[in-house]
Amino acid sequence: MPPSSPLNETAAPPDRKSAGTVFATLVDFARRRPLGAVGGAIIVVMVMLAASANLIAPYDPLATDYAAMLAAPSEAHWLGTDAFGRDMLSRMIHGSRTALMVGLGASLLGASLGSLIGVASAYFGGRVDLLVQRVMDVFFAFPVIILALAVVSIIGTGVGNVVLAIATPMVPRCARVVRASALSVREMPYVDAARAAGFGHPRIILRHMLPNVMAPVLIMATAFLGEAILLEASLSFLGLGVTEPTAAWGLMLRGAAVEFAETAPWMAIFPGLAISLAVFGFNLLGDSLRDALDPRLRTQ
Amino acid sequence: MTQALLEVSNLVKHFAVGGWRGGKAATVRAVDGVSFQITRGETLGLVGESGCGKTTVGRCILQLERPTGGRIVFDGADLTGLAQHDLRAVRRKMQVIFQDPYSSLNPRMTIGEILSEPLKVHRLVPGRAEREARVRELLLQVGLLAQHARRYPHQLSGGQRQRVGIARALAMEPSLIVCDEPVSALDVSIQAQIINLLEDLQARLGLTYLFIAHDLSVVRHISDRVAVMYLGRIMELADRRALYEEPLHPYTRALLSAVPIPDPSLEAGRERVVLRGEVPSPLNPPAGCVFHPRCPLAEARCAASVPGLREIKPGHWAACHLVDPIA
Chain E
1 MPPSSPLNET AAPPDRKSAG TVFATLVDFA RRRPLGAVGG AIIVVMVMLA ASANLIAPYD
61 PLATDYAAML AAPSEAHWLG TDAFGRDMLS RMIHGSRTAL MVGLGASLLG ASLGSLIGVA
121 SAYFGGRVDL LVQRVMDVFF AFPVIILALA VVSIIGTGVG NVVLAIATPM VPRCARVVRA
181 SALSVREMPY VDAARAAGFG HPRIILRHML PNVMAPVLIM ATAFLGEAIL LEASLSFLGL
241 GVTEPTAAWG LMLRGAAVEF AETAPWMAIF PGLAISLAVF GFNLLGDSLR DALDPRLRTQ
Chain D
1 MTQALLEVSN LVKHFAVGGW RGGKAATVRA VDGVSFQITR GETLGLVGES GCGKTTVGRC
61 ILQLERPTGG RIVFDGADLT GLAQHDLRAV RRKMQVIFQD PYSSLNPRMT IGEILSEPLK
121 VHRLVPGRAE REARVRELLL QVGLLAQHAR RYPHQLSGGQ RQRVGIARAL AMEPSLIVCD
181 EPVSALDVSI QAQIINLLED LQARLGLTYL FIAHDLSVVR HISDRVAVMY LGRIMELADR
241 RALYEEPLHP YTRALLSAVP IPDPSLEAGR ERVVLRGEVP SPLNPPAGCV FHPRCPLAEA
301 RCAASVPGLR EIKPGHWAAC HLVDPIA
């Protein structure tokens, strides 16, 4: 087998790279996939805003100013204020925290649970596989938002529950993709070697199979982040997500924002823009990552 | 035969293909009644064409596949009846070396991790430092360097990887190693090194090998006895010398006559047995002797009844109606 075989490609060098080569890789990625780099830049800005929200937000996002209710954008309030006189810009900056927390939490939870189920299903095969896949089919039958709504209506609202609700529809999607890769990994001689060595099932699944199906999981998780943020906004907008007074973009779009849409449009426009931009950023990055890591497209 | 380490009797492995919903499943008769013994310390070569079931025999012995029928007695214990839990202890004593050194090592683990994992799981070596020392010892034993422990499989060459595969098999101090075409994916020069390493290890550690291969000259070099398989059955089983110099079964003769002689004048003058047709599908093997449709000597009885594996001469077994026991 020549050294440049696809088998070697999957054995992507996990050794530690120096800072210089990481930077070079990033520059190379940006040059090849400018859209992906734009998406990445949006996300980096968003992460920085969320991380330093306490420092850069001009006001407390929960502080009400009854002297300046529904104030139009001005020097004091760059993006205006809402019906309670809370500063829109501060609430948006703090809202990026909620969005990222829910998005990352849900993606991570959904991806880990889904990949675990997928790998186990492929490893055990036979009846276990059949049963697990049919259960996954049941989950698949529901549209994402309906499934999330159902989970929230059972376990209630709040950040933690919303994460769980958004992760739920991701589990079967991830499980299916991972199962497909795991089926081929299952046939690799190193898995046979692990079985012949008398290792237990959990060890073979977690140590020998899971690390070798992580590439599609990472891509799915990135792509799902955007969807999770949108889902969180939708749930919050429907009143079944994050609850007041937490600053969340979807929540800012509802209630007074609808009522005063004509007289105070900034209340709806800016959170809406933020949601669009974030989802756009994550989708661009997710797509570019998928293309960049797909060996069939790599020759470009 | 003094003390059989492994005794395989009437091993059968059938695979069902297709049609689990309504449709009738077909059966691939991958292994169909294979019996042999391996004595402690010897090397049994198992040769045959691609798809004759030799790898499946190895996988059944290792319990990577559950046999459909037959018995596999290893070191006094019948493996076919053992539960998963009891198998673990047996598995330590029975290891495997795979054909493809590229896919037989987990690409996400360093060589050190690969080699120390069995030591940890089976609690063979307690303590991290002791395990590291043992890994170093294993690496040196197979002709690698201690610093290779920190490398990942993709940073090694094919020959080095195969040495790691051998070290992994040795880690648990097994008594039997199933070598499933351990050199056929390697360059010829590397093949010789690996074969010599295997022989050297056998002499030092008293290992027993089941050496599965399709390369007749490699098998001749390393084996004490050789079994020839065709379409899921053993055709002939004999001492290396007897098998290569006085083959009894027509299939073995055809197989041996296909090995080129590295001397043009001899090569030009020798008789070549060329078989007609293709190997029949194990989905639908021929009745009677599985070799009869291609056998140059076939008679009517060959299609009618299955020839059993009979001892024609002392220690020389063949499954053919046409060879008669001498004495």
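The listed protein sequences derive, respectively, from chains E and D. Take 1 as the starting number for the first sequence in our numbering and just add one per residue. Take 1 as the starting number for the second sequence in our numbering and just add one per residue. Don't be surprised by glycine CBs; every beta carbon is placed ideally from N, CA and C. Please read these numbers as outputs of a predicted model, since none were measured by experiment.
Could you check whether the Cβ of D192 of chain E sits closer than 8 angstroms to any Cβ belonging to chain D?
yes
Segments of 4+ residues assigned as alpha helix (DSSP H) that fall wholly inside the segment 180-258 of chain D:
188-205, 216-222, 240-245 and 250-257
Less than 8 angstroms between the C-beta atoms of V17 of chain D and V28 of chain D, yes or no?
yes
In terms of alpha-carbon separation, which member of D:V96, D:Q99, D:R92 and D:I61 lies closest to G336 of chain D?
In this structure chain D extends from 1 to 327, so residue 336 of chain D is not present and cannot be described.
Report the neighbours of R195 of chain E on chain C: residues whose CB is nearer than 8 angstroms to its CB, in chain order.
Going by chain labels, chain C is absent from the structure shown, which instead holds the protein chains E and D.
State yes or no: is the beta carbon of H94 of chain E nearer than 8 angstroms to at least one beta carbon in chain D?
no
Would you list, in chain order, the members of the segment 91-111 of chain D that have their beta-carbon closer than 7 angstroms to a beta-carbon of chain E?
R91, R92, Q95, V96, F98, D100, Y102, S103, S104, L105, N106, P107 and R108
Pairwise C-alpha distance: E132 of chain D and E65 of chain D:
33 angstroms
Between F199 of chain E and chain D, is there a C-beta pair that is closer than 8 angstroms?
yes
If distances are taken between C-alpha atoms only, which option among D:I234, D:T39, D:A303 and D:L197 comes closest to R310 of chain D?
D:I234
Cut-off 6 angstroms between Cβ atoms - residues of its own chain near A242 of chain D, not counting five sequence neighbours on either side:
H316
Taking the straight line between their C-alpha atoms, what separation do you get for E9 of chain E and I269 of chain E?
Because the pLDDT at E9 of chain E is just 38, under 50, the model does not fix this residue reliably, and the value given afterwards should be weighed accordingly. Approximately 46 angstroms between the Cα atoms of the pair.
Tell me the residue span of the beta strand (DSSP E) that contains Q147 of chain D.
Segment: none, Q147 of chain D is in no beta strand (DSSP E) and carries neither H nor E.
If we count the other Cβ atoms within 10 Å of its Cβ and call it buried at 16 or more, is T21 of chain E buried or exposed?
exposed
Where W317 of chain D falls: helix, strand or coil (DSSP):
strand
At 4 residues or longer, what runs of the alpha helix (DSSP H) sit wholly inside the segment 191-260 of chain E?
214-237, 249-252 and 256-259
Within the 8 angstroms Cβ cut-off, does L87 of chain D reach chain E?
yes
Compute the Euclidean distance between the alpha carbons of A83 of chain D and V121 of chain D, then round it to the nearest angstrom.
19 angstroms
Along the segment 165-194 of chain E, what residues have a CB closer than 7 angstroms to any CB found in chain D?
M188, P189, Y190, D192 and A193
Does the structure place the segment 92-110 of chain E close enough to the segment 216-235 of chain E that three or more beta carbon pairs sit under 8 angstroms?
yes
Would you kindly report the start and end of the unbroken alpha helix (DSSP H) that includes N283 of chain E?
W266 to L293
Does any C-beta atom of chain D lie closer than 8 angstroms to the C-beta of P202 of chain E?
no
Just the C-alpha distance for T25 of chain E and V12 of chain D, rounded to the nearest angstrom, thanks.
54 angstroms
Would you identify the three-state DSSP class for A152 of chain E, choosing helix, strand or coil?
Residue 152 of chain E is actually Val in this sequence, not Ala. Helix.
Residue-chain proximity (P216 of chain E, chain D), Cβ-Cβ < 8 angstroms:
no
Which residues, taken in chain order from the segment 202-236 of chain D, show a beta carbon closer than 8 angstroms to some beta carbon of chain E?
none
Mapping DSSP to helix, strand and coil, what is L303 of chain E?
Lying outside 1 to 300, the shown extent of chain E, residue 303 of chain E is not represented and no answer is given.
Where the beta strand (DSSP E) through L5 of chain D begins and ends:
A4 to V17
Taking CB distances under 8 angstroms as the criterion, tell me whether H122 of chain D reaches chain E.
yes
Would you say A168 of chain D reaches chain E, if we count a Cβ-Cβ gap shorter than 8 angstroms as a contact?
For clarity, residue 168 of chain D is Arg in the given sequence; the question names Ala instead. Taking Cβ atoms only, chain E reaches closer than 8 angstroms to R168 of chain D, which makes this a yes.
Partner residues on chain E for P118 of chain D, Cβ-Cβ distance less than 7 angstroms:
A197
Do we get a CB-CB distance below 8 angstroms when we pair P211 of chain E with the residues of chain D?
yes
Across which residues does DSSP place V306 of chain D in a beta bridge pair?
In DSSP, V306 of chain D forms no bridge with anything.
Own chain, CB closer than 6 angstroms to P355 of chain D, minus 5 neighbours either side, in chain order:
Nothing about residue 355 of chain D can be read from this structure; chain D reaches only from 1 to 327.
Looking only at its chain, what residues have a beta carbon closer than 6 angstroms to the beta carbon of F282 of chain E, apart from the 5 residues adjacent to it on each side?
L225 and G226
Assign Y66 of chain E to one of two classes, buried (16 or more other C-beta atoms within 10 Å of its C-beta) or exposed (fewer than that).
exposed
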